[in-house]
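> To start, I am sharing the structure in question, which I have written as C-alpha cells.
There are 2 protein chains.
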Amino acid sequence: MSATIYDIAKEAGVSIATVSRVFNNNKNVSDKTRQKILSIAEVKGYHPRAFAQGLARRNTNIIMAIVPVISNYFFMEVLAGIQDKLSEYNYDLNIYNIKNNVDLLQQAEYVLRKGMGDGYLFISIHLGEIFWESLKRYDVPIILMDEYDSGFDSVSVDSIEGAYTATTYLIKHQNQRIAMLSALPQAKPTRDRVHGYKRAIEDAGYLVDEDLIVRGEDTNRDGFTEKAGHQAMMKLIQMNNPPDACFSASDIQAVGALKAMKDSNRYIPMISFDDIQISEYLGLSTMRQPMYEIGILAVEKLIKRINNPKAMISHTVFSPELIIRDSSELNVRHQIIE
Amino acid sequence: MSATIYDIAKEAGVSIATVSRVFNNNKNVSDKTRQKILSIAEVKGYHPRAFAQGLARRNTNIIMAIVPVISNYFFMEVLAGIQDKLSEYNYDLNIYNIKNNVDLLQQAEYVLRKGMGDGYLFISIHLGEIFWESLKRYDVPIILMDEYDSGFDSVSVDSIEGAYTATTYLIKHQNQRIAMLSALPQAKPTRDRVHGYKRAIEDAGYLVDEDLIVRGEDTNRDGFTEKAGHQAMMKLIQMNNPPDACFSASDIQAVGALKAMKDSNRYIPMISFDDIQISEYLGLSTMRQPMYEIGILAVEKLIKRINNPKAMISHTVFSPELIIRDSSELNVRHQIIE
DNA sequence: CTGAAAGCGCTTACAG
DNA sequence: CTGAAAGCGCTTACAG
Chain A
40 MSATIYDIAK EAGVSIATVS RVFNNNKNVS DKTRQKILSI AEVKGYHPRA
90 FAQGLARRNT NIIMAIVPVI SNYFFMEVLA GIQDKLSEYN YDLNIYNIKN
140 NVDLLQQAEY VLRKGMGDGY LFISIHLGEI FWESLKRYDV PIILMDEYDS
190 GFDSVSVDSI EGAYTATTYL IKHQNQRIAM LSALPQAKPT RDRVHGYKRA
240 IEDAGYLVDE DLIVRGEDTN RDGFTEKAGH QAMMKLIQMN NPPDACFSAS
290 DIQAVGALKA MKDSNRYIPM ISFDDIQISE YLGLSTMRQP MYEIGILAVE
340 KLIKRINNPK AMISHTVFSP ELIIRDSSEL NVRHQIIE
Chain B
40 MSATIYDIAK EAGVSIATVS RVFNNNKNVS DKTRQKILSI AEVKGYHPRA
90 FAQGLARRNT NIIMAIVPVI SNYFFMEVLA GIQDKLSEYN YDLNIYNIKN
140 NVDLLQQAEY VLRKGMGDGY LFISIHLGEI FWESLKRYDV PIILMDEYDS
190 GFDSVSVDSI EGAYTATTYL IKHQNQRIAM LSALPQAKPT RDRVHGYKRA
240 IEDAGYLVDE DLIVRGEDTN RDGFTEKAGH QAMMKLIQMN NPPDACFSAS
290 DIQAVGALKA MKDSNRYIPM ISFDDIQISE YLGLSTMRQP MYEIGILAVE
340 KLIKRINNPK AMISHTVFSP ELIIRDSSEL NVRHQIIE
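Heads up: the sequence lines are chains A and B, in that order. For the first sequence, the numbering used here begins at 40 and goes up steadily by one. For the second sequence, the numbering used here begins at 40 and goes up steadily by one.
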C-alpha cells in the first residue's frame, strides 16, 4: 500500500491531525504548512483512503445506484441526469449491478448491509411489495426510480396514462384492433402499461382481447429486449386475424418488432415507450419519458432524505409525452410504397 | 447506523472475534455458536461493514470498472462478460463513471488514490501516452480495455485490421471511392480505424482522399454518437462528388448515418464497427468485436495481476469478424426498390 | 473452539 | 494555528 497520513505528517514535521485538516479543507491551518503538506502529498500521490475516512466519519460519501445487470438503454440516460446533479454535491457515484438470474432481494440486502453508500438509488429494480417491505428495516435512504412502493420516495413516469394516450391515439386513427407487445409482468411499469392499454380500449367502447396482448420468449431484462419484441411481433403477424396497430411496452422491443415487420413485409402502425436516443433515428413514435429529469430529481430527493431522514415520503410522477414520428404513420408510408 | 459486531457478540454471549470468524467462514467455530450468531445476525440484518473490513484487511474486495460518462453501448456488453467472470471470484464490482468534460487523468487518479478497489478495469478510457505513464506510479493492478499502452496489461481488438478488412470488402465490391465516418482522434481505436482504412485504400492501388474522411460536430462520447454519424453522412451526401461507399467507425454512428441516407433518399453501402445488439435488428454490416469475451479475459488478467503483481505485462488483441448484413449490400436492395 | 488485544488509516472534539 | 488521544468497526495472529 502506498503513503499514509503518517508518512506525510512525518515528512512535513507536523501531526497527522494537521494533515487531516488540510484534506478536509479546515481553515485552521497556516498557509505555509498547508502548501508544504499539499506538495508532499502531490509528490507521493497521497489522498486519504476512502475506507479509513468512511470508518472514522461514519459515512461513505458515496451514492450507490443499484441497477439490473446489462442495464437497459433507459438507464444510461437516467444516469446522465444523476451524474450532472450529483456533481453539485460532494458525493461520489458508484454503480452496483444486480444480476438478474439470482435472488434480487438478497443482492439488494447485501449492498445495504455492507453499508456501501450513504444513500441508494434503485433504478428499474422490480421487486414485489413484500420485498420492498423487508428492505425498510435497514432504515437507510433509498429512492425508487421507475418503480413505486408507498414506503419509499420515488420518481417515475405515469405508465398507465402513457399507455392510455398511445393506445387512444392508435384507435382514433381509424384502427380498431390494437395489439400490445408486453413484457414480464413482475415489473410494475409493465403491468401499468398493460393496464393503461386495456383502459383505453374499453373507454373507446371495444372489448379487450387477451389474445392481442403478447410477449416474446426472451425473458432477459424483464422482456425489454429487441429479441422479445421481434418474437412477439412475429406472433401477431402470424395470427389468422392480425391486429391493425400495436402499442409496444418499450422502444427496444419496438426495434425488434420493426425487424419482424420488415422480415415478413407486413407493416402495422406502432407506438412504443421511452424515447431512448436511437428512437429519433429510427423514426419511432413513442411516449417520451423525461429520463434526464428523472435522474436529476431522484438525486435531489436522495440528498434531502439523507439530510432529513424523518421527512415525509414523497412520490413524483411524470406524464409521458407523445412523440409522433414515422412508425405510427404507416398508412401514409404504405401509400408511398404501394 | 445499525447493528455492529459488538451488538451481535453481546447478544450471542461471545467475543467479537468469534462473530468475525463466522462471517469469514473460519471453520474454527462450533456449529452451535455459528448457528446462533447467524440467526441473531439475520434478525438484526447484520453484515460486516465493507469499510471496516477493508481497513482491517487492507483490501477492499472490490473491482472498480472505470468508464466514460454515459457509457456507450459497447460498454454494456463488455460489462456482461465482466460480471459473469467476476461472479466466480469473491469480488464485488463497482462502476465509476468518469465525466467527459473534466480532466480525465485527474478523475482517474482520484479513484486510485482513494483506494476504491483492489483492481481497476479502464474501459474505453482514452488518455494520452504521457498520462498513462503518470498512472504507473500508483503501482496498482490496472487492465486497459479497448485501449493500449505498453505499461499495462490490456485487451482490445485489432482496429487496424478490422478497418482494413471492412474497407477492402467495400473496394472489392466494385466501389472505388470509399469514405470514412471518423470520430475524435484522441481515442486510440479511432486513430487505428482511420489507419486501417487508409492502408486498405493504398493497398488497393488508390490514393487516400482526406476529404473523404469526415466526422460530425457532436463531440460527445468521443464522437461515437448517432448525431455525429448523421452529421458526417450529411456532409458526404452533399459533396459534389459523393463517395460510392462508406466505412463507419462505430455502429452507433452508422445508425445516424442510416437516417441521413433515408432523409436524403441517397443510399450508399456501409460497413461499421462493433456489432452491438441493435445492429442485427437494423441490418448493419459490421466488424464484430467479441465484447463479452473481452470482459471475461480482462477479469482473468486482473485477478492474475492482483495475485501476482510482478508478472509480465501481457496484451491480448482480438481480430474482429466481418458480419455481412443489409447495409453493405445496397446494390441488391436498390434493384428491389427500383 | 474461543477470547484479549493490537492494529488498519483516518477524523474530531478537546486542550492549549 | 497545532497536537495528543480516543474512537470508528472490523480482522488476525497469539495464547490458551
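Backbone N, C-alpha and C fix where the C-beta goes; we use that ideal spot for every residue, glycine too.
#1: Determine whether the Cβ of L132 (chain B) lies closer than 8 Å to any Cβ atom of chain A.
#2: Check whether chain A comes within 8 Å of K298 (chain B), counting only Cβ atoms and requiring the distance to be less than that.
#3: Does any C-beta atom of chain A lie closer than 8 Å to the C-beta of D124 (chain B)?
#4: Based on DSSP bridge pairs, tell me the residues matched to M309 (chain B).
#5: In the structure shown, what three-state DSSP assignment does V356 (chain A) receive?
#6: Rounded to a whole number of angstroms, what is the C-alpha to C-alpha distance between L369 (chain B) and P107 (chain A)?
#7: Anyone know if the C-beta pair for G268 (chain B) and A296 (chain B) falls short of 8 Å?
#8: Based on the DSSP secondary-structure assignment, which residues constitute the bridge partners of S193 (chain A)?
#9: Here's the rule I'm using: 16 or more other beta-carbon atoms within 10 Å means buried, otherwise exposed. How should K227 (chain B) be labelled?
#10: Using the C-alpha atoms, what's the distance from I310 (chain B) back to E360 (chain B)?
#11: Verify the CB distance criterion: does F113 (chain B) have a CB-CB separation below 8 Å to chain A?
#12: Is it true that the CB of S163 (chain A) sits closer than 8 Å to the CB of E186 (chain A)?
#13: Using a Cβ-Cβ cutoff of 9 Å, what residues of the stretch 129 to 163 of chain A are near chain B? List them in chain order.
#14: Taking the CB atoms as reference points, tell me whether N23 (chain B) and D178 (chain B) lie closer together than 8 Å.
#15: Within a Cβ cutoff of 7 Å, which residues of the same chain sit near D313 (chain A), ignoring the five residues on either side of it in sequence?
#16: Got a sec: is the Cβ-Cβ distance from G52 (chain B) to anything in chain A below 8 Å?
#17: Under 8 Å, Cβ to Cβ, is there at least one residue of chain B near E127 (chain A)?
#18: Assuming V253 (chain B) contacts L275 (chain B) under a Cβ cut-off of 8 Å, what Cβ separation, rounded to an integer in Å, is found between them?
#19: Using a Cβ-Cβ cutoff of less than 8 Å, which residues in the same chain neighbour E377 (chain A) once the five nearest sequence positions on both sides are dropped?
#20: Among all the DSSP beta bridges, which residues are the ones paired with M219 (chain B)?
#21: Does S366 (chain A) get closer than 8 Å to chain B when you measure Cβ to Cβ?
#22: Starting from P107 (chain B) and walking both ways along the beta strand (DSSP E), at which residues does that stretch end?
#23: With a threshold of 8 Å between beta-carbons, can G295 (chain A) be considered close to chain B, or not?
#24: Assuming F161 (chain B) is part of the beta strand (DSSP E), what are its boundary residues?
#25: Under the assumption that M330 (chain A) contacts E127 (chain A) (Cβ atoms under 8 Å), give the Cβ distance between them as a whole number of angstroms.
#26: Give a yes or no on whether the C-beta atoms belonging to L143 (chain B) and I137 (chain B) are separated by under 8 Å.
#27: If you reduce the DSSP assignment to three classes, tell me which class R97 (chain B) lands in.
#28: Can you name the residues of chain A whose CB is closer than 9 Å to the CB of H86 (chain B)?
#29: Does DSSP classify I376 (chain A) as helix, strand or coil?
#30: Taking C-beta pairs closer than 8 Å, name the residues in chain B that E265 (chain A) reaches, listed in chain order.
#31: Taking only the alpha-carbon atoms, compute the straight-line gap between V233 (chain A) and D302 (chain A) and give it to the nearest angstrom.
#32: Report yes or no: is there a C-beta of chain A within less than 8 Å of the C-beta of R327 (chain B)?
#33: Throw me the rounded Cβ distance for the M155 (chain A) and I101 (chain A) pair, which I believe falls under 8 Å.
#34: If you reduce the DSSP assignment to three classes, tell me which class A43 (chain A) lands in.
#35: Closer than 8 Å, Cβ to Cβ, to anything on chain B: give me those residues from the stretch 66 to 85 of chain A, in chain order.
#36: For N139 (chain A), which three-state DSSP category applies?
Walking through what the data contain:
#1: The residue given as residue 132 (chain B) occupies position 93 in the second sequence. L132 (chain B) counts as touching chain A.
#2: Locating residue 298 (chain B) in the second sequence gives position 259, where the first residue counts as 1. By this cut-off, K298 (chain B) is an interface position.
#3: Taking the first residue of the second sequence as position 1, residue 124 (chain B) is located at position 85. Inspection of the sequence shows that residue 124 (chain B) is occupied by Lys rather than by Asp. False, the Cβ-Cβ gap to chain A never drops below 8 Å.
#4: The count along the second sequence starts at 1 and reaches residue 309 (chain B) at position 270. Answer is B:C285, bridged to M309 (chain B).
#5: Taking the first residue of the first sequence as position 1, residue 356 (chain A) is located at position 317. For V356 (chain A), the three-state secondary structure derived from DSSP is strand.
#6: In the second sequence, the residue the question calls residue 369 (chain B) occupies position 330. In the first sequence, the residue the question calls residue 107 (chain A) occupies position 68. Going by the C-alpha atoms only, they are around 38 Å apart.
#7: Numbered from 1 along the second sequence, position 229 holds the residue referred to as residue 268 (chain B). Numbered from 1 along the second sequence, position 257 holds the residue referred to as residue 296 (chain B). Taking 8 Å as the cut-off, the beta carbon of G268 (chain B) is found closer than this to the beta carbon of A296 (chain B).
#8: Here residue 193 (chain A) refers to the residue found at position 154 of the first sequence. Under DSSP, S193 (chain A) forms a beta bridge with A:L183, A:H354.
#9: Taking the first residue of the second sequence as position 1, residue 227 (chain B) is located at position 188. With 16 or more Cβ atoms within 10 Å of its Cβ, K227 (chain B) is classed as buried.
#10: Counting from one through the second sequence, the residue named residue 360 (chain B) turns up at place 321. Counting from one through the second sequence, the residue named residue 310 (chain B) turns up at place 271. Rounded to the nearest angstrom, the two C-alpha atoms are 12 Å apart.
#11: On the second sequence, residue 113 (chain B) is found 74 positions in, with the first residue counted as 1. No, because no Cβ of chain A sits closer than 8 Å to the Cβ of F113 (chain B).
#12: Residue numbering aside, residue 186 (chain A) sits at position 147 when the first sequence is read from its first letter. Residue numbering aside, residue 163 (chain A) sits at position 124 when the first sequence is read from its first letter. Pairing E186 (chain A) with S163 (chain A) gives a Cβ-Cβ distance under 8 Å.
#13: Against chain B - using a Cβ distance shorter than 9 Å - the residues of the stretch 129 to 163 of chain A are D131, L132, N133, I134, Y135, N136, K138, V141, E148, Y149, V150, L151, R152, K153, G154, M155.
#14: Outside the displayed range of chain B (40 to 377) lies residue 23 (chain B), so it cannot be described from this structure.
#15: Sequence index remark: in the first sequence, residue 313 (chain A) carries index 274 (1-based). Closer than 7 Å at Cβ, skipping near neighbours: F113, S289, D290, T325, Q328.
#16: For the purposes of this step, residue 52 (chain B) is taken as the residue at position 13 of the second sequence. At a cut-off of 8 Å between beta-carbon atoms, G52 (chain B) makes no contact with chain A.
#17: Along the first sequence, one-based indexing puts residue 127 (chain A) at 88. It does not; no Cβ of chain B falls within 8 Å.
#18: If you number the second sequence from 1, residue 253 (chain B) lands on position 214. If you number the second sequence from 1, residue 275 (chain B) lands on position 236. That pair is a contact at about 6 Å.
#19: Looking up residue 377 (chain A) in the first sequence gives position 338. Only weak support is given to the placement of E377 (chain A): the predicted model assigns it a pLDDT of 35, under 50, and the value that follows is read from those uncertain coordinates. When the five nearest sequence neighbours on each side are left out, no beta carbon in the same chain lies closer than 8 Å to the beta carbon of E377 (chain A).
#20: The count along the second sequence starts at 1 and reaches residue 219 (chain B) at position 180. Looking at the DSSP assignment, M219 (chain B) forms a beta bridge with B:I252, B:F286.
#21: Along the first sequence, read from residue 1 onward, the residue named residue 366 (chain A) stands at position 327. Among the residues facing chain B, S366 (chain A) is not included, as its CB has no counterpart in that chain under 8 Å away.
#22: Numbered from 1 along the second sequence, position 68 holds the residue referred to as residue 107 (chain B). P107 (chain B) -> beta strand (DSSP E) spans 101 to 107.
#23: Taking the first sequence and counting its residues from 1, one reaches residue 295 (chain A) at position 256. Under the 8 Å criterion on CB atoms, G295 (chain A) is classed as interfacial with respect to chain B.
#24: Here residue 161 (chain B) refers to the residue found at position 122 when the second sequence is read from its first residue. Annotation: the continuous beta strand (DSSP E) that includes F161 (chain B) extends over 158 to 162.
#25: Along the first sequence, read from residue 1 onward, the residue named residue 330 (chain A) stands at position 291. Along the first sequence, read from residue 1 onward, the residue named residue 127 (chain A) stands at position 88. At roughly 19 Å, the Cβ-Cβ gap does not stay under 8 Å, so M330 (chain A) and E127 (chain A) are not in contact.
#26: Stepping through the second sequence from its first residue, residue 143 (chain B) is reached at position 104. Stepping through the second sequence from its first residue, residue 137 (chain B) is reached at position 98. Judged by beta-carbon spacing, I137 (chain B) lies within the 8 Å limit of L143 (chain B), meaning their Cβ atoms are closer than that value.
#27: The residue given as residue 97 (chain B) occupies position 58 in the second sequence. Correct three-state label for R97 (chain B): coil.
#28: Counting from one through the second sequence, the residue named residue 86 (chain B) turns up at place 47. Here the neighbours are E148, Y149, L151, R152, K153, G154.
#29: As a first step, residue 376 (chain A) is located in the first sequence; it is residue number 337 there, counting from the start. Low confidence applies to I376 (chain A): its pLDDT is 39, below 50, so where it sits in the model is not reliable, and the reading given next is rough at best. I376 (chain A): helix per DSSP, three-state reduction.
#30: Here residue 265 (chain A) refers to the residue found at position 226 when the first sequence is read from its first residue. Annotation: Cβ neighbours of E265 (chain A) in chain B (cutoff 8 Å, chain order): Q316, I317, E319, Y320.
#31: Looking up residue 233 (chain A) in the first sequence gives position 194. Looking up residue 302 (chain A) in the first sequence gives position 263. Taking C-alpha positions only, V233 (chain A) is separated from D302 (chain A) by approximately 26 Å.
#32: As a working note, residue 327 (chain B) is residue 288 in the second sequence. By the rule that beta-carbons nearer than 8 Å mark a contact, R327 (chain B) does not touch chain A.
#33: On the first sequence, residue 155 (chain A) is found 116 positions in, with the first residue counted as 1. On the first sequence, residue 101 (chain A) is found 62 positions in, with the first residue counted as 1. Right, their Cβ atoms sit about 7 Å apart.
#34: Here residue 43 (chain A) corresponds to residue number 4 of the first sequence, with the count starting at 1. A small fix is needed here, since residue 43 (chain A) is Thr in this sequence, not Ala. Note: T43 (chain A) maps to coil in three-state DSSP.
#35: The stretch 66 to 85 of chain A vs chain B, Cβ under 8 Å: G84, Y85.
#36: Walking along the first sequence from the start, residue 139 (chain A) turns up at place 100. DSSP places N139 (chain A) in the coil class of the three-state scheme, outside both helix and strand.
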